[in-house]
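Chemist: Quick note on the numbering used here: the first sequence kicks off at 5 and runs consecutively.
Using N, Cα and C, we set each Cβ at its ideal position, and we do this for glycine too.
Here it is, the structure, as structure tokens.
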Amino acid sequence: MEYNFKEIEEKWRRYWAANKSFKADNNSSKPKYYVLDMFPYPSGAGLHVGHPLGYIASDIYARYKRLKGFNVLHPMGYDAFGLPAEQYAIETGQHPAVTTEINIKRYREQLDKLGLSFDWDREVRTCEPAYYKWTQWCFIQLYNSCYCNQAQKAISISELINAFETTGTEGLDMATNSKLTFTAEEWKNKSEEEQQSILMDYRLAYLSDCMVNWCPKLGTVLANDEVVNGSSVRGGCPVERKLMRQWSLRITAYAERLLKGLEHIDCSDSLKEIQRNWIGRSEGAFIQFPIQNNSQTLDVFTTRPDTIFGVSFMVLCPEHPLIKQLTTLERKEEVDKYVCWAKNRCERERMADVKKVSGVFTGAYAVHPFSKEHIPVWVADYVLAGYGTGAIMAVPAHDSRDFAFARHFNLPIVQVIVPNGEKHEDTSTWEEAKDSKDGYCINSDFINNLPVNKAIPEIIAKVKSMNIGYGTVNYRLRDAIFSRQRYWGEPFPVYFKECIPYVLPENELPLVLPEVDAYLPTELGEPPLARAKNWTYKGFPLDYNTMPGFAGSNAYYLRYMDPHNDQAYFSKEANQYWRNVDLYVGGLEHATGHLLYSRFWNKFLYDIGLACEDEPFQKIVNQGMIQGRSNFVYRIIGTNTYVSYHLKDSYETDAIHVDINLVDNDVLDTDAFRKRHKSCEAAEFILEDGKYICGYEIEKMSKSLYNVQNPDDIVEKYGADTLRMYEMFLGPIEQSKPWDTKGIEGVFRFLKKFWRLYHTAENTFNVSEHEPVFDEWKVLHKTIKKIEEDIERMSYNTSVSTFMICTNELMDLKCDKKAILEPLCILLSPFAPHITEELWEMLGHTESISYAPFPIWEEKYLIENTYNYPVSFNGKMRFVMSLPVDMSKEEMEKSVLSAPEAQKWLQGNQPKKIIIVPKKIVNIVV
RNA sequence: GCCCGAGUGGCGGAAUUGGUAGACGCGUCGGUCUCAAAAACCGAUGAGGUAACACUCGUGCCGGUUCGAUCCCGGCCUCGGGUACCA
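Pasting the structure below:
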């Protein structure tokens, strides 16, 4: 029988499904191993060849761990809420649930064809009420919790109320956006409304008026990580700043833990770096500046308190609350005008002219806490409302933005730091600010001559003793805005009583997404849920917003542990057994969104005693992107004539994407091209050598670029085992690479060859019981060792080579011994599960190969008696000499020097030095 | 601009991190089998050089450390990713 991959793969797909071969049990004496893929959003385009890269890699690991005797949890599900289905619903009126269902079905068909060993009984879909019940439940827990900075963990809001009732705000250190202080008495005298509004500023899920990224075209608010360069990540629609009342999650409370936790995660430096930058920790000082003729103070955050004597002006952001109070009468009109202009600029506009300096003087002066000098207070949009205190002390000599501002408005520039190795200079000659982390202070009163690193603590101590400041840490990380003005998401389990929000009792969950007559905002501009009939709880209106796309993915890995539990998110026992994800495979594009949110969500569940591990993922691997290879045709402008690639420069042409299915090896099938589009029926071609050659470019793989390679086609032509091995053979999984099918034949040939190892020339199954010879044992054992090492470090491309080498060597040895071929079959099974199941059955086994024992390599077959030493002269390899491995250095030296080849290079000279590294190299210095 | 990562044959990549550069595969060329083709198998394949050896040069560029550098250090160039007035 020939290698008939179609029959074999179909047979084993059915077998695995019928026998639930990969069902993972929550009770097992085996050690656990949890392998997780980032679950996909089921888009209408289906899977392309890029998706399986990560799925195959993790599947190989999961299958390997099963062979190694682990109880492996390897689940899959769907991130099913999201914008595309809803946009489609708006266009067609089709309910997003229907579209989503169709897409999921297609995804499942495609995934099934790849031989992935998922436990499908644990499938979750974020859009199902039984699932999002727990997303809503978790929201309620967040709402009922606050964060204690002292304990560095979440505590119940009732504990906070307790504290308020006994001691007020005295001695509390909580994560909050409230600056209010009060005594227990004052607390008790507050109205319900006042109390609720204060508590809101402490909750981990809270409602507040905040500047949001508003996307008018999508009709919704977006989180920071959903906006890139002033446009939405999905759809590329423009985004503006807008003040809105929104739910947010207080992820900032966890900033320090999210940062520290990175040390314990096994992942790439780039992933850590991206997260570190996003969290953006900076140490500095909080300092209050008195204001002339005003009882208020101007609060600033600075990372360089040592430069405080160089302050020549203060700057407030346009949103700063003190602007109204501080602005003098004669400056009012101008300031109002500026503030109004600055606030109404959209994000894109602002980012476009970062270089342009703009600002306005308020007429007010702050008082320098040490020199008592009067410092003008300005308003400028280069100071951001969201960071620090929204106000800065400007030190133009040592900050490039302050410098540009000072130059533009002719403000004084005072040097206070002299960089090491430089001298005090006249600042009027400077062309830019002097960055000066290493230097000493001048013009700085009591810190003169101190180096920067000594001056900083000196100033912090001083302001602290004066009670006008303290050392502190600031983060760039913002709280996550959690409301979306969309339909296709989880409804908030929240109702409003006299405008005060209350969460639903837990036994009312899930709050099921209602039907609406259209998926559009109402005429009043309210979100789609406002269209739902009876969208109330006990007569009170329910929240019209829904949760964002990332809500459902925050803890899906925990739900997989116990996916059918309707009493709890997941049981304690299931969580105690599976603990957390051992290996998480997915794209690097989720580094700032999903990975940060889910780590935060998990830490919260850990704090409230639900999850038993602080970090959800032990090891994260980011697979690279598979890029598309687009083809182009060149149409002569204003005609219906297309000119071949190498001739196009003689004409004026437009490059047009052409469907890669019409192109083979960059040669266009012109007939097919004519048939494809009505407008191309009469197309004329200018050929070269009788062919139309297309141009190409490497781009993102996308439907719109006509460069999508579908895995189904490959499976149809070569089978899933070939596709699996080929995708791994392309190179290291973390690396991005363009998809190119040239080379796939080599892998297909290998599998055919592997099949032939177990068959005679006449294609009948043939495996002998004879005892293998030493060379055969040696080939097997060195292969086991190499494959095991490769899998452990996920270097699958080299594993594939190893299998090729092994097969070639066994072919040369004409090996047909069962003692060799049986373990080899197990070894290959994580990579090519179908063919190996078939051979395993032929070898006489009745159980699936998936749980066979991984072979163990033995040292005795790998021992080499001699080593082929490369002999170098002055570091240049000249000849190879075989010497016993146990030979002493002295003897080696003698043998090497007496070798005939050596004479030529010595030319009668005595060697100066001889370096011998056993089992590595011999180097002779002449 | 700032912060990461990467540059190796015609191509994908290997060399498990200081020790024989180019494994394995693709492609190309030549051969066997065949009436022919496909499939399969065998051989060659970094560049220069030679009849063939020999030899010389070669891991983005320049320099350094070392007996020895794709690997370590310093400077530059190119590409990919992150970020964007973060005080």
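(1) Reducing DSSP to helix, strand and coil, say where S799 ends up.
(2) Do L71 and A856 have their C-beta atoms closer together than 8 Å?
(3) Spell out a yes or no on whether the region 603-620 and the region 249-259 are touching, meaning 3 or more CB-CB pairs, one atom from each, closer than 8 Å.
(4) Please list, in chain order, all residues of the same chain as A66 whose beta carbon is under 7 Å from its beta carbon, the five residues on each side excluded.
(5) Distance, Cα to Cα, I925 vs K917?
(6) For A437, which three-state DSSP category applies?
(7) Can you find the residues in the same chain that come closer than 6 Å, C-beta to C-beta, to D663, ignoring five residues on each side of it along the sequence?
(8) Between I60 and M732, is the Cβ-Cβ spacing less than 8 Å?
(9) Could you compute how far the alpha carbon of V516 sits from the alpha carbon of E163?
(10) Considering only the alpha carbon of each residue, which of Y491, D725, T870 and A578 lies closest to L222?
(11) Is it buried or exposed, K790, if we count other Cβ atoms within 10 angstroms and call 16 or more buried?
(12) What does the alpha-carbon distance come out to for the pair E436 and L592?
(13) For a test of the three-state rule: what should DSSP assign to W382, helix, strand or coil?
(14) Going straight from the alpha carbon of M705 to that of D123, what length do you get?
(15) Since N584 contacts Q622 with CB under 8 Å, what's their CB separation in whole angstroms?
(16) At which residues does the alpha helix (DSSP H) containing S469 begin and terminate?
(17) Given this structure, state the Cα-to-Cα distance separating V381 from S299, to the nearest angstrom.
(18) Excluding the five sequence neighbours on either side, which residues of its own chain have a C-beta within less than 6 Å of the C-beta of Y111, listed in chain order?
(19) Using the C-alpha atoms, what's the distance from Y68 back to T3?
(20) For a test of the three-state rule: what should DSSP assign to L262, helix, strand or coil?
(21) My output table needs one value for C271: the three-state DSSP class, helix, strand or coil.
(22) With the cut-off set at 8 Å, would you say L761 and L814 are in Cβ contact?
(23) Less than 7 Å between C-beta atoms, sequence neighbours within five positions excluded: which residues of the same chain meet that for Y581?
(24) Leaving out five residues on either side along the sequence, give the residues of the same chain with a beta carbon under 7 Å from the beta carbon of L226.
(25) Contact between the region 184-199 and the region 456-473: three or more CB pairs below 8 Å?
(26) Just to confirm the assignment: which complete alpha helix (DSSP H) runs, minimum length 4, are found wholly within the region 747-777?
(27) When you compare each of S892, M885, S854 and Q907 to D63 by their alpha carbons, which one comes out closest?
(28) Around the C-beta of R488, are 16 or more other C-beta atoms found within 10 angstroms, so that it is buried, or is it exposed?
(29) Check the C-beta distance from I630 over to W759 and give it rounded, since I have them as a contact under 8 Å.
(30) Using the DSSP secondary-structure output, state which residues sit across from E287 in a beta bridge.
(31) Pick from E105, E720 and V498: whose alpha carbon is nearest that of D83?
(32) Cα separation between K137 and G543?
(33) Determine the closest residue to N228 out of M42, G54, H412 and L600, with distance taken between C-alpha atoms.
(34) How far does the beta strand (DSSP E) with H661 in it extend, from its first residue to its last?
(35) Under 8 Å Cβ to Cβ from G443, same chain only, skipping five residues before and after it: list those, please.
(36) Work out the CA separation of C819 and S886 for me, nearest whole Å.
Modeler: Per the coordinate set shown:
(1) Along the first sequence, read from residue 1 onward, the residue named residue 799 stands at position 795. In this structure, S799 counts as coil in the three-state DSSP scheme.
(2) To locate residue 71, count along the first sequence from 1; it is residue 67. To locate residue 856, count along the first sequence from 1; it is residue 852. Closer than 8 Å, so yes.
(3) yes
(4) Against the first sequence, residue 66 aligns to sequence position 62. If we look at A66 and ignore the five residues flanking it on each side, its Cβ neighbours are V39, V76, H78 and S121.
(5) Walking along the first sequence from the start, residue 925 turns up at place 921. Walking along the first sequence from the start, residue 917 turns up at place 913. A direct Cα-to-Cα measurement between I925 and K917 gives close to 14 Å.
(6) Walking along the first sequence from the start, residue 437 turns up at place 433. Note: A437 maps to coil in three-state DSSP.
(7) For the purposes of this step, residue 663 is taken as residue 659 along the first sequence, with counting starting at 1. Closer than 6 Å at the Cβ level, and outside the excluded window around D663, lie Y710.
(8) One-based indexing of the first sequence puts residue 60 at position 56. One-based indexing of the first sequence puts residue 732 at position 728. Going by C-beta atoms, I60 is nearer than 8 Å to M732.
(9) Translated into the one-based positions of the first sequence, residue 516 becomes position 512. Translated into the one-based positions of the first sequence, residue 163 becomes position 159. Looking at the two C-alpha atoms, the distance is approximately 31 Å.
(10) Locating residue 222 in the first sequence gives position 218, counting from the first residue. Considering only alpha carbons, the answer is Y491.
(11) Locating residue 790 in the first sequence gives position 786, where the first residue counts as 1. Buried: at least 16 other Cβ atoms inside 10 Å.
(12) If you number the first sequence from 1, residue 436 lands on position 432. If you number the first sequence from 1, residue 592 lands on position 588. One C-alpha to the other measures close to 37 Å.
(13) Looking up residue 382 in the first sequence gives position 378. Reduced to three states, the DSSP call for W382 is strand.
(14) Here the question's residue 705 lines up with position 701 in the first sequence. Here the question's residue 123 lines up with position 119 in the first sequence. Computed Cα separation, rounded: 29 Å.
(15) Along the first sequence, read from residue 1 onward, the residue named residue 584 stands at position 580. Along the first sequence, read from residue 1 onward, the residue named residue 622 stands at position 618. Right, the Cβ-Cβ distance comes to about 6 Å (below 8 Å), so this counts as a contact.
(16) Mapped onto the first sequence, residue 469 falls at position 465. Start and end: V456 to S469.
(17) Locating residue 381 in the first sequence gives position 377, where the first residue counts as 1. Locating residue 299 in the first sequence gives position 295, where the first residue counts as 1. Roughly 15 Å separates the two Cα atoms.
(18) On the first sequence, residue 111 is found 107 positions in, with the first residue counted as 1. The residues are P46.
(19) No answer is possible for residue 3: it lies beyond the span of the chain, which begins at 5 and ends at 930.
(20) Here the question's residue 262 lines up with position 258 in the first sequence. Of the three classes helix, strand and coil, the one that applies to L262 here is helix, per DSSP.
(21) Sequence index remark: in the first sequence, residue 271 carries index 267 (1-based). Reduced to three states, the DSSP call for C271 is coil.
(22) In the first sequence, the residue the question calls residue 761 occupies position 757. In the first sequence, the residue the question calls residue 814 occupies position 810. Going by C-beta atoms, L761 is nearer than 8 Å to L814.
(23) In the first sequence, residue 581 corresponds to position 577, counting from 1. Here the set comprises N30 and K36.
(24) Working through the first sequence from its first residue, we reach residue 226 at position 222. Within the same chain, L226 has close Cβ partners N217, C219, S236 and V243.
(25) no
(26) 748-761
(27) Locating residue 63 in the first sequence gives position 59, where the first residue counts as 1. Closest by alpha carbon: S854.
(28) Counting from one through the first sequence, the residue named residue 488 turns up at place 484. That one is buried.
(29) Start at 1 with the first residue of the first sequence, and residue 630 comes out as number 626. Start at 1 with the first residue of the first sequence, and residue 759 comes out as number 755. About 28 Å separates the two Cβ atoms, so there is no contact after all.
(30) Here residue 287 is taken as the residue at index 283 of the first sequence, counted from 1. In the DSSP output, where bridge partners are listed per residue, E287 has V477.
(31) Your numbering for residue 83 matches position 79 in the first sequence. The candidate whose alpha carbon is nearest that of D83 is E105.
(32) For the purposes of this step, residue 137 is taken as residue 133 along the first sequence, with counting starting at 1. For the purposes of this step, residue 543 is taken as residue 539 along the first sequence, with counting starting at 1. Looking at the two C-alpha atoms, the distance is approximately 22 Å.
(33) Taking the first residue of the first sequence as 1, we reach residue 228 at position 224. Nearest to N228 by C-alpha distance, out of M42, G54, H412 and L600, is L600.
(34) In the first sequence, counting from the first residue as 1, residue 661 sits at position 657. Note, H661: beta strand (DSSP E), T657 to V662.
(35) The count along the first sequence starts at 1 and reaches residue 443 at position 439. The answer, listed in chain order, is I421, V422, P423, N424, E426, P455 and V456.
(36) Residue 886 sits at position 882 when you count from the first residue of the first sequence. Residue 819 sits at position 815 when you count from the first residue of the first sequence. Note on geometry: alpha-carbon atoms of S886 and C819 lie some 27 Å from one another.
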